[in-house]
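Residue numbers (the working numbering), protein chains in the order written: chain A, 233 to 619; chain B, 31 to 370.
Here it is, written out as structure tokens:
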């Protein structure tokens with residue numbers, strides 16, 4: 233008895249016990265709600281369970297790179313939605329970062345016109361609701377493009393109109409696969425070369441033209457490989473049939489509008505983060521770099537950005553997370569991302585709201601955690617080593 | 031002690047013999063306590079449920095809600111309208127936020143079997159068709175092959191259009207919008223070659239185009255989409271009221287009772303008219319509402335035909351013909367079981 237009391241008085245043991253109790257409590261609460269919900273649904277005559285995922289979907293998805301057909305299951309539809317969400321998110325993250333960094337740097341420029349324009353852009357973008365921005369881009373893009381009959385033609389292999397950008401596709405992709413593989417290998421070689429050049433410069437002081445060499449290895453050689461691949465295959469050319477161009481790959485205006493809206497919108501926020509990060513670099517560092525005679529470009533690249541990064545990365549991570557979540561605005565303009573196809577079409581055709589919303593929540597949770605994990609890893613790699 | 035027990039039992043039996051014993055109806059009780067009906071309608075579909083700039087609702091489905099309010103509460107204005115999108119409508123109904131849906135909702139097997147909803151009759155026989163630009167020179171639906179079609183996601187039209195073209199091995203691109211209005215404006219911006227919806231719905235939505243004269247509604251119909259008031263599962267007595275209010279609208283037209291002659295018709299010798307108007311039979315008591323329920327709804331809202339002409343028929347901007355929505359005695363499909 234006394235032994236048990238002493239055991240309970242141990243702080244560590246008590247901590248563990250509290251945590252176990254809290255966990256059991258949480259599970260009990262969740263179990264209560266799940267049970268309650270499913271009982272009520274049975275009473276109300278609403279179907280429940282996850283078997284609907286294997287039912288035929290019958291829903292058309294106008295833009296997919298997964299090869300999905302309406303005769304596939306709802307699980308296939310969900311996968312197509314996830315892939316489309318990832319596609320637009322990743323593309324927009326890359327471009328938003330590029331625009332954001334540029335605008336953030338311009339905002340700090342000593343040129344009055346440039347910094348005022350950048351400031352105007354940032355304030356404009358940050359004070360507009362995103363939904364409005366998405367719709368503005370969508371109907372703006374549509375209104376700016378010609379109808380299919382008066383399409384803009386690019387050398388008769390690509391056509392731009394209100395139905396999207398139709399691009400010729402190769403019928404045989406093996407050549408392109410080889411060219412892509414060759415490009416990846418060449419990039420790896422380029423990285424090794426850059427390391428060697430850096431080490432040599434540190435050892436001997438002699439510079440090596442890494443950029444020129446890199447351009448030849450990673451720019452020209454793969455280009456030749458792609459040209460060779462293109463020459464050896466036949467092409468599926470878009471042709472005007474009836475209303476639309478058929479054949480080839482179609483980049484739909486919904487994608488373009490959502491991508492443009494997300495990247496320009498998030499860029500405004502990233503620009504402010506970048507500006508804050510750079511302002512956090514102490515003035516003396518820049519003065520010292522200037523005193524050493526470094527060019528302005530090198531001061532930014534070698535002194536300012538590396539020291540600003542630890543300040544920039546955590547808030548930029550949350551901007552990336554926002555962007556991934558904001559991609560759900562695609563539902564408003566019929567871009568078939570996960571919310572539109574799964575929480576829209578699939579939910580209405582099956583009526584299984586609780587299951588579908590739970591799955592969608594889980595998907596966004598996984599996506600967000602993945603982005604966070606990657607950014608944390610990147611941050612720990614680039615942490616400033618202070619002496 | 032025993033005597034008191036017997037006396038209590040006797041009082042109970044006597045009491046139940048006097049008052050009509052009714053199954054419990056939480057929805058009807060709630061409506062009476064609240065003093066108005068919560069009616070789930072469309073976001074805005076001219077002719078069916080549409081709010082004008084003063085916020086006054088009108089339309090065929092709205093008239094049904096008014097008729098229900100007149101029957102249950104004696105006053106057709108005691109309705110609160112909840113606009114619902116294609117996606118929202120089911121949860122709004124099954125969670126109890128509205129007492130019923132009257133919003134151009136197509137009756138289908140899987141909705142009835144899996145969504146926990148019941149369909150209480152048909153107040154509009156709709157058929158799906160397409161609207162195209164006149165300059166596109168489309169005469170029949172099959173001419174839309176290789177075209178792009180805008181549609182509201184999760185509607186019956188989305189699946190019906192996909193099925194129709196797939197069955198015929200024709201390729202079309204279908205773009206799903208969350209709201210009807212977004213699909214319409216995308217079509218108007220020439221994102222699509224056609225927009226698809228029911229004939230009645232299109233007649234109303236056509237008004238929303240920038241230049242309605244440049245658009246043409248195809249006469250070919252690819253589906254049959256019966257629509258009517260919808261309730262959630264459970265509460266059979268409420269379902270009974272919802273069903274028979276619609277039947278009363280149709281029966282009134284069949285029996286020649288209109289909002290204008292309803293007072294004289296009370297003196298009619300026709301037995302069914304007398305039962306309908308509550309002169310004989312006490313039908314209201316059987317449902318737990320007042321006996322002049324049908325009188326009130328005919329007096330205040332009118333019979334089905336009056337309602338149709340005013341909202342979607344020749345007296346409206348839609349100018350739809352009765353067609354299938356004519357009484358069975360006149361070659362249409364509208365039918366009601368007898369008031370007996």
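Yeah, the Cβ is synthetic: ideal placement off N, Cα and C, and Gly gets one too.
Whole angstroms is fine: what's the gap from residue i's alpha carbon to residue j's?
i	j	result
residue 489 of chain A	residue 373 of chain A	7 Å
residue 306 of chain A	residue 317 of chain A	16 Å
residue 76 of chain B	residue 561 of chain A	28 Å
residue 369 of chain A	residue 496 of chain A	10 Å
residue 416 of chain A	residue 454 of chain A	9 Å
residue 326 of chain A	residue 502 of chain A	12 Å
residue 82 of chain B	residue 306 of chain B	33 Å
residue 173 of chain B	residue 201 of chain B	11 Å
residue 348 of chain B	residue 90 of chain B	12 Å
residue 179 of chain B	residue 222 of chain B	5 Å
residue 369 of chain B	residue 116 of chain B	34 Å
residue 298 of chain B	residue 71 of chain B	36 Å
residue 376 of chain A	residue 348 of chain A	28 Å
residue 321 of chain A	residue 331 of chain A	15 Å
residue 516 of chain A	residue 523 of chain A	10 Å
residue 456 of chain A	residue 405 of chain A	16 Å
residue 471 of chain A	residue 215 of chain B	27 Å
residue 485 of chain A	residue 566 of chain A	10 Å
Quick one: measure Cβ to Cβ for residue i and residue j, integer angstroms, because I've assumed they're closer than 8 Å.
i	j	result
residue 231 of chain A	residue 436 of chain A	Summary: the structure shown does not reach residue 231 of chain A, with chain A confined to residues 233 through 619, and so no result is reported for it.
residue 311 of chain A	residue 298 of chain A	6 Å
residue 543 of chain A	residue 512 of chain A	5 Å
residue 247 of chain B	residue 194 of chain B	Actually they are not in contact, since the Cβ atoms of residue 247 of chain B and residue 194 of chain B sit about 17 Å apart, beyond 8 Å.
residue 226 of chain B	residue 158 of chain B	6 Å
residue 321 of chain B	residue 308 of chain B	4 Å
residue 396 of chain A	residue 483 of chain A	5 Å
residue 318 of chain B	residue 267 of chain B	6 Å
Please work out which residues of its chain come closer than 8 Å, Cβ to Cβ, to residue i, disregarding the five sequence neighbours upstream and downstream, and give them in chain order.
i	result
residue 518 of chain A	531, 535, 536
residue 438 of chain A	432
Who are the Cβ neighbours of residue i in its own chain at under 6 Å, not counting the five residues just before and after it?
i	result
residue 354 of chain B	155, 362, 363
residue 124 of chain B	146, 262
residue 450 of chain A	418, 419, 422
residue 461 of chain A	407, 408, 411
residue 284 of chain B	357
residue 390 of chain B	The question about residue 390 of chain B has no answer, for chain B in this structure spans 31 to 370.
residue 350 of chain A	335, 338, 339
Taking the Cβ atom as the reference point for each residue, do residue i and residue j lie within a distance shorter than 9 Å?
i	j	result
residue 371 of chain B	residue 337 of chain B	Here chain B comprises residues numbered 31 to 370, so residue 371 of chain B is not present and cannot be evaluated.
residue 128 of chain B	residue 68 of chain B	yes
residue 487 of chain A	residue 177 of chain B	no
residue 204 of chain B	residue 229 of chain B	no
residue 409 of chain A	residue 220 of chain B	no
residue 78 of chain B	residue 342 of chain B	yes
residue 479 of chain A	residue 400 of chain A	yes
residue 175 of chain B	residue 207 of chain B	no
residue 224 of chain B	residue 160 of chain B	yes
residue 186 of chain B	residue 260 of chain B	no
residue 188 of chain B	residue 292 of chain A	yes
residue 365 of chain A	residue 493 of chain A	yes
residue 350 of chain B	residue 243 of chain B	no
Could you tell me if residue i is buried or exposed, where buried requires 16 or more neighbouring beta carbons within 10 angstroms of its beta carbon?
i	result
residue 164 of chain B	exposed
residue 96 of chain B	buried
residue 258 of chain A	exposed
residue 295 of chain B	buried
residue 248 of chain A	exposed
residue 569 of chain A	buried
residue 339 of chain A	buried
residue 609 of chain A	exposed
residue 466 of chain A	exposed
residue 500 of chain A	buried
residue 614 of chain A	exposed
residue 504 of chain A	buried
residue 632 of chain A	An answer regarding residue 632 of chain A cannot be provided, because it is not within the stretch 233 to 619 covered by chain A.
Is any heavy atom of the ligand NAD found at a distance shorter than 8 Å from the C-beta of residue i?
i	result
residue 545 of chain A	Ligands are entirely absent from the displayed structure, and the ligand NAD is therefore not among its contents.
Note down, in chain order, each residue of its chain lying with its Cβ closer than 7 Å to the Cβ of residue i, except the 5 sequence neighbours on either side.
i	result
residue 239 of chain A	245
residue 326 of chain B	100, 101, 104
residue 133 of chain B	70, 71, 72, 79, 91, 114, 119
residue 588 of chain A	574, 575, 578, 579
For residue i, go through chain D and note every residue whose CB falls closer than 8 Å to its CB, in chain order.
i	result
residue 580 of chain A	The question asks about chain D, but that chain is absent: this structure's protein chains are A and B.
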